[in-house]
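Chains as they are written, first to last, in the UniProt record's numbering: chain A, 1 to 356; chain B, 1 to 371; chain C, 1 to 291.
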Amino acid sequence: MEKISLQFDRIKEKMNFIKPNKKRDFLLLATLILALPYIINSQYLLRIVIMIGVYSILALSLGLVTGYAGQVSLGHAAFYAIGAYFSAVLSVNFGISFFITAPIAAIAAAICGLLLGLPTLRLSGTYLAITTLGFCEVVRMVLLNWEKVTNGPLGINRIPRPSLLGFDLTLANNGMYYLMVFFLVFTTVVMLAIVRSKIGRAMMAIREDELAATMMGIKTTTYKVIAFVVSAFFSGLAGAFYAHMIRFIDPNTFTFDTSIMILSIVILGGMGTIKGMFLGAAILVSFPEVLRFLQEYRFVVYGMVLVLMMRFRPQGILGGQKKTAYKLPKGVIVDINSNNSSIEVREAMNTVEEVI
Amino acid sequence: MKKTVALLLVVMLVTSMLAGCQSQASDKIKIAVVGPLTGDFAEYGTGFKNAVELQVEEWNRNGGVLGREIELVVFDDKNNGEEAATIAEKIVADKDIKAVIGHFASGVCMAASPTYQEAGIVNISPSASHPDFTKEGDFVFRNNTVINVEAEFAVDLAVNTLDKKKVGILSVKTDWGTGTAEITKGLVAQAEGMVVDHQEVVDGTIDFGPNITRLNEAGADVIIVVAMYNTLAPFATQYKTVNPDIELVGFSNAYSQQLIELAKENAENIHFPTIFFHGSTDETVASFVSAYESKYGSSPSSLTAQAYDSAGIVLKAIEVAGKADRKVMKEELYKMTYPGVTGETKFDQAGDAVKIFTAVKIENGRFVEVQ
Amino acid sequence: MILQQLINGLALGMVYALIAVGYSLVFGILRLVNFSHGSVYAFGAHIAMVFVGMQFGIIPALILSIIFTGVLGIAIDKIALAPLRAKKSKAIAALITTIGVSYIIQNLLMIVFGSQTKFFPKLFDYGNVHIGGVSISTTQLFIFGVSLALLLLLTFIIRKTKIGLAMRAVEQNPKAANLMGIDVDFVITFTFFLGGASAAIAGTLISGYYQVVYPTMGFLAGLKAFSAAVLGGIGILHGSIVGGLIVGVSESYAAAFLGGGYRDAVAFVILIIVLLVKPTGLFGKKGVVKV
Numbered sequence: 001m002e003k004i005s006l007q008f009d010r011i012k013e014k015m016n017f018i019k020p021n022k023k024r025d026f027l028l029l030a031t032l033i034l035a036l037p038y039i040i041n042s043q044y045l046l047r048i049v050i051m052i053g054v055y056s057i058l059a060l061s062l063g064l065v066t067g068y069a070g071q072v073s074l075g076h077a078a079f080y081a082i083g084a085y086f087s088a089v090l091s092v093n094f095g096i097s098f099f100i101t102a103p104i105a106a107i108a109a110a111i112c113g114l115l116l117g118l119p120t121l122r123l124s125g126t127y128l129a130i131t132t133l134g135f136c137e138v139v140r141m142v143l144l145n146w147e148k149v150t151n152g153p154l155g156i157n158r159i160p161r162p163s164l165l166g167f168d169l170t171l172a173n174n175g176m177y178y179l180m181v182f183f184l185v186f187t188t189v190v191m192l193a194i195v196r197s198k199i200g201r202a203m204m205a206i207r208e209d210e211l212a213a214t215m216m217g218i219k220t221t222t223y224k225v226i227a228f229v230v231s232a233f234f235s236g237l238a239g240a241f242y243a244h245m246i247r248f249i250d251p252n253t254f255t256f257d258t259s260i261m262i263l264s265i266v267i268l269g270g271m272g273t274i275k276g277m278f279l280g281a282a283i284l285v286s287f288p289e290v291l292r293f294l295q296e297y298r299f300v301v302y303g304m305v306l307v308l309m310m311r312f313r314p315q316g317i318l319g320g321q322k323k324t325a326y327k328l329p330k331g332v333i334v335d336i337n338s339n340n341s342s343i344e345v346r347e348a349m350n351t352v353e354e355v356i
Numbered sequence: 001m002k003k004t005v006a007l008l009l010v011v012m013l014v015t016s017m018l019a020g021c022q023s024q025a026s027d028k029i030k031i032a033v034v035g036p037l038t039g040d041f042a043e044y045g046t047g048f049k050n051a052v053e054l055q056v057e058e059w060n061r062n063g064g065v066l067g068r069e070i071e072l073v074v075f076d077d078k079n080n081g082e083e084a085a086t087i088a089e090k091i092v093a094d095k096d097i098k099a100v101i102g103h104f105a106s107g108v109c110m111a112a113s114p115t116y117q118e119a120g121i122v123n124i125s126p127s128a129s130h131p132d133f134t135k136e137g138d139f140v141f142r143n144n145t146v147i148n149v150e151a152e153f154a155v156d157l158a159v160n161t162l163d164k165k166k167v168g169i170l171s172v173k174t175d176w177g178t179g180t181a182e183i184t185k186g187l188v189a190q191a192e193g194m195v196v197d198h199q200e201v202v203d204g205t206i207d208f209g210p211n212i213t214r215l216n217e218a219g220a221d222v223i224i225v226v227a228m229y230n231t232l233a234p235f236a237t238q239y240k241t242v243n244p245d246i247e248l249v250g251f252s253n254a255y256s257q258q259l260i261e262l263a264k265e266n267a268e269n270i271h272f273p274t275i276f277f278h279g280s281t282d283e284t285v286a287s288f289v290s291a292y293e294s295k296y297g298s299s300p301s302s303l304t305a306q307a308y309d310s311a312g313i314v315l316k317a318i319e320v321a322g323k324a325d326r327k328v329m330k331e332e333l334y335k336m337t338y339p340g341v342t343g344e345t346k347f348d349q350a351g352d353a354v355k356i357f358t359a360v361k362i363e364n365g366r367f368v369e370v371q
Numbered sequence: 001m002i003l004q005q006l007i008n009g010l011a012l013g014m015v016y017a018l019i020a021v022g023y024s025l026v027f028g029i030l031r032l033v034n035f036s037h038g039s040v041y042a043f044g045a046h047i048a049m050v051f052v053g054m055q056f057g058i059i060p061a062l063i064l065s066i067i068f069t070g071v072l073g074i075a076i077d078k079i080a081l082a083p084l085r086a087k088k089s090k091a092i093a094a095l096i097t098t099i100g101v102s103y104i105i106q107n108l109l110m111i112v113f114g115s116q117t118k119f120f121p122k123l124f125d126y127g128n129v130h131i132g133g134v135s136i137s138t139t140q141l142f143i144f145g146v147s148l149a150l151l152l153l154l155t156f157i158i159r160k161t162k163i164g165l166a167m168r169a170v171e172q173n174p175k176a177a178n179l180m181g182i183d184v185d186f187v188i189t190f191t192f193f194l195g196g197a198s199a200a201i202a203g204t205l206i207s208g209y210y211q212v213v214y215p216t217m218g219f220l221a222g223l224k225a226f227s228a229a230v231l232g233g234i235g236i237l238h239g240s241i242v243g244g245l246i247v248g249v250s251e252s253y254a255a256a257f258l259g260g261g262y263r264d265a266v267a268f269v270i271l272i273i274v275l276l277v278k279p280t281g282l283f284g285k286k287g288v289v290k291v
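Listed below in structure tokens is the structure:
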């Protein structure tokens with residue numbers, strides 16, 4: 001399922017010269033993804049796959065902030081919650097269709113991201129992390145206490161299913177699966193577009209060395225805020241999807257644990273990668289299910305996996321493994337012979353990590 | 001590229017094999033129990049598991065149900081709605097599982113109950129208190145007290161039995177606490193008492209200094225505490241250092257031996273309405289308490305007893321129905337009256353249990369019945 | 001009423017301050033947010049409870065708990081964090097490691113002791129003292145006194161002893177400190193021991209105050225203590241105390257006048273406001289970025 005989005009970047013890259021067998025592989029993959037619900041034929045597994053998709057969206061969005069712009073957020077569940085509640089409240093109280101409330105919810109989350117991001121993103125490191133953590137707790141308290149709108153601790157019940165042309169999308173008819181695939185592909189395409197653009201390169205410059213980036217004339221705060229807002233938007237979208245799938249949300253759905261889960265996916269998969277997010281989500285979401293036989297020990301094992309991962313592969317499973325030569329823009333010719341220290345140039349050319 | 005496709009194919013094959021494994025038929029009748037076995041609320045989930053295990057063992061010792069052995073399937077949901085919903089899918093996919101006992105918090109129950117309703121499998125929660133929980137559909141039941149009946153009893157204890165008219169309320173900010181506190185307020189006014197102050201705390205609070213100061217300055221003579229034992233015990237301890245004469249009334253959810261162990265002498269004279277009473281002379285209760293204590297080394301709480309009865313109800317329904325069928329047994333549940341350790345249980349049309357309360361209080365470190 | 005709530009808040013604030021000191025110590029040396037500190041604190045409380053249960057008496061139980069918890073602190077560093085430093089990993093790797101460690105400790109505590117709330121005997125209880133309509137319990141006074149003593153002791157260690165001098169040197173520049181002949185690894189080990197020991201003291205005192213112990217006790221208290229530490233300027237010891245008191249008092253007033261539901265959020269609201277005005281916390285020094 002997630003491979004379709006991976007395919008998208010291949011397409012973009014190789015649009016000009018798709019070799020016949022590549023094309024065949026792509027078609028095979030696309031078919032597999034579309035046929036997945038019929039192949040696994042189990043609602044239980046399908047729900048896990050959908051949750052992997054939801055967490056992939058969340059990880060992609062946090063990945064932009066943490067993986068690309070280098071800002072650690074410990075409160076991403078806040079935007080997830082805002083999206084979920086916004087969409088749920090609108091559709092339950094006013095009977096608006098999911099396909100209208102979801103974008104509104106995502107925009108609302110993005111606005112909250114802007115409001116939080118503008119003042120706080122000048123903070124750095126630990127201070128930003130604790131601020132986002134605090135923001136997440138504050139959001140949760142508002143959800144718990146603003147009873148008129150959020151229904152307080154009772155939560156919001158019977159959230160309507162997404163309905164397309166009078167046709168209810170459910171887990172049973174695979175509608176939710178295809179909706180998730182759509183959202184995931186959409187998120188992936190936007191993220192790819194961003195990280196491959198000038199904005200993405202500016203973000204990576206900030207991650208690598210904020211001071212140097214400032215010296216190069218990059219408006220660091222602006223780019224950080226952009227990352228934050230885009231990230232909040234997609235987290236909100238994921239939240240809206242989640243609310244309409246589970247059909248019941250309460251403030252306890254979105255806790256610090258959720259934020260840590262998203263951050264762990266980003267780090268496990270590999271910061272600054274796109275496909276790592278899918279892999280990380282697949283591992284960590286299915287983790288508790290796979291380890292069910294361990295019973296009460298499963299979260300001890302979960303903790304150990306985090307510790308061992310950081311010890312032996314802190315860059316994540318897919319992070320920082322490939323180094324490719326930096327492609328110079330067309331028309332720029334570097335005459336290596338004219339440079340006295342040719343070795344240095346070659347080294348410099350080979351240390352730009354492939355970021356996708 | 002080829003690698004990824006190959007990998008995906010392998011993953012699919014394995015998962016579809018796993019999915020296939022689940023639907024293997026067996027001649028056992030399976031009952032699922034789901035609750036938090038990890039996380040903050042693990043004690044309650046473990047209580048559910050133990051109680052249901054005990055009930056199933058007793059049935060198996062007597063030859064099972066319909067001559068078939070009963071198998072208990074235990075799942076951990078970490079009191080997390082997301083996991084609960086996934087587990088629900090796993091349960092309904094196993095055709096041998098005839099009923100589900102569980103999910104602890106209302107929010108978690110309600111994330112899972114649509115799946116049970118859709119698949120048509122009986123779900124009895126021994127603890128869900130959300131007023132809308134059983135409205136999900138006809139397969140969703142609760143074997144817990146209905147809060148307005150219980151609140152009426154608690155208010156009666158405070159205003160009439162203890163004869164204190166100035167009532168303070170402390171409630172936890174959960175669906176159960178907030179809802180119950182609202183109902184209690186109305187009932188106090190009807191009973192000619194007066195609510196002098198209402199304080200809310202978030203679940204898990206252990207420092208009640210600010211709340212106690214407020215309640216005390218408002219001149220409360222009795223506090224109705226809508227919370228679990230782990231809130232009531234420290235609250236009682238802290239309140240009695242400020243005002244040793246304060247009277248406390250709790251709810252059956254706080255009825256637990258732990259309460260006395262935590263609050264010691266400060267637990268004296270706390271009154272409760274409860275549907276389950278350790279010291280009852282009733283034979284079924286006495287044998288349940290002694291069996292539970294000898295097997296698990298701790299006393300069953302009110303919620304544990306409700307889980308025990310829930311399992312009994314489910315098995316009885318299968319027996320009466322004469323066949324292990326998810327739908328037929330549901331019909332039986334609405335008809336039957338089950339005599340268990342929490343008194344006689346009968347479900348109304350919504351799927352809520354109608355219960356009879358006993359008043360108990362703590363005296364010399366023991367629960368005794370209020371005369 | 002307002003005065004009484006202030007007293008309530010100060011007592012609560014000292015509780016946070018006790019935990020916050022541990023965050024501050026480790027952050028001061030390593031620039032690392034030790035997310036496992038909350039669960040280490042719960043561990044300390046459980047160890048003390050075990051020894052109190054074995055009739056050791058409260059003081060020996062406290063000392064044993066300090067030793068065990070201090071050793072746990074060292075073990076966390078040696079097993080999980082030291083290899084990361086050796087590999088010069090990114091700061092975030094260490095952060096995630098401490099989160100992983102806290103999962104491990106918290107869940108092991110649950111498996112060993114069960115998740116239910118357990119009893120802890122009251123420490124130093126001689127009833128209440130009444131001063132002008134305000135009632136203060138002797139336990140509160142005791143906690144206040146011990147916290148201040150602990151702070152003074154730690155300040156003494158850091159300011160006046162040789163190891164303290166080494167700690168300050170490592171804080172400023174580990175590489176240079178190493179060149180001056182300071183055993184940096186030992187200093188870090190010692191700091192983790194101090195962090196663990198302070199967690200044990202906090203755990204024992206706070207459990208004795210509230211008379212309850214449970215495996216997840218360190219989670220929310222840890223987060224609030226962490227924000228108290230940041231509020232005061234993380235890495236600065238007296239900042240932790242002031243931060244803790246501010247958080248405690250504001251929480252007490254919020255619970256009394258805004259309602260209990262807002263109580264947990266108020267610490268974070270204040271934190272965010274303070275950081276926006278003064279990004280390094282109240283007493284924090286502005287770091288110089290060297291290029």
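Every residue gets a Cβ at the ideal spot worked out from N, C-alpha and C, and that includes glycine.
Note that this is a predicted model, so its numbers are computed, not measured.
The beta carbon of residue 174 of chain A sits closer than 7 Å to the beta carbons of 37 from its chain, once the five residues preceding and following it are set aside; these are given in chain order.
Identification of residues in the region 198-209 of chain B having a C-beta nearer than 9 Å to some C-beta of chain C yields 199, 200, 201, 202, 204, 205, 206, 207, 208, 209, given in sequence order. An exposed status is given to residue 167 of chain A, since fewer than 16 other beta-carbon atoms sit within 10 Å of its beta-carbon. For residue 263 of chain C, the nearest beta carbon of chain B is closer than 8 Å to its own beta carbon. Taking C-beta separations shorter than 7 Å and ignoring five residues to either side along the sequence, the partners of residue 46 of chain A in its chain run 37, 40, 171, 177, following chain order.
Of all alpha-carbon atoms in B:63, B:73, B:365, the one lying nearest the alpha-carbon of residue 279 of chain B is that of B:365.
Residue 237 of chain B has no beta-bridge partner at all, per DSSP. Around residue 37 of chain B, the beta-carbon contacts reaching into chain A at under 7 Å are 295, 296. Contacts with chain C at 8 Å (Cβ-Cβ) include residue 173 of chain B. Chain-order list of chain B residues neighbouring residue 153 of chain A: 173, 174, 175, 178, by C-beta distance under 7 Å.
For residue 216 of chain C, the residues of chain B that pass the 7 Å Cβ criterion are 40, in the order they occur in the chain.
The beta carbon of residue 173 of chain A sits no closer than 8 Å to any beta carbon of chain B. Cβ-Cβ distances below 7 Å link residue 314 of chain B to 31, 99, 101, 122, 124 in the same chain, with the five nearest sequence neighbours on each side left out; the list follows chain order.
Cα atoms of residue 124 of chain C and residue 46 of chain B: separation of roughly 35 Å, rounded to the nearest angstrom. The secondary-structure analysis by DSSP pairs residue 137 of chain A with nothing; it has no beta-bridge partner. In terms of Cβ geometry, residue 299 of chain A and residue 38 of chain B form a close pair [threshold 8 Å]. For the region 172-203 of chain C, the beta-carbon criterion of a distance under 8 Å to any beta-carbon of chain A is satisfied by none of its residues.
Restricting attention to alpha helix (DSSP H) runs no shorter than 4 residues, the region 295-326 of chain B encloses them at 302-321, ordered along the chain. Counting C-beta atoms within 10 angstroms of its own C-beta, residue 216 of chain A has fewer than 16 neighbours from the protein chains shown and is therefore classed as exposed.
Membership of residue 185 of chain C in the alpha helix (DSSP H) is indicated by the continuous run 184-210. The alpha carbon of residue 48 of chain A has as its nearest neighbour, out of A:267, A:309, A:246, A:301, the alpha carbon of A:246. In this structure, DSSP gives residue 347 of chain B an extended state, which the three-state scheme calls strand. Residue-level contact by beta carbon fails for residue 293 of chain B and chain C, as no gap is shorter than 8 Å. Under the DSSP assignment, residue 125 of chain B falls in the beta strand (DSSP E) whose first and last residues are 122-125. By the Cβ criterion, the region 216-227 of chain C is in contact with the region 39-49 of chain C, since at least three pairs of Cβ atoms, one from each stretch, lie closer than 8 Å. Under the 8 Å Cβ criterion, the region 112-123 of chain C counts as touching the region 49-63 of chain C, having at least three qualifying pairs. Residue 192 of chain C places its beta carbon 8 Å or farther from that of residue 163 of chain C.
Counting C-beta pairs with one atom in each stretch, the region 212-225 of chain B and the region 268-285 of chain C have fewer than three that are closer than 8 Å, which means they do not touch.
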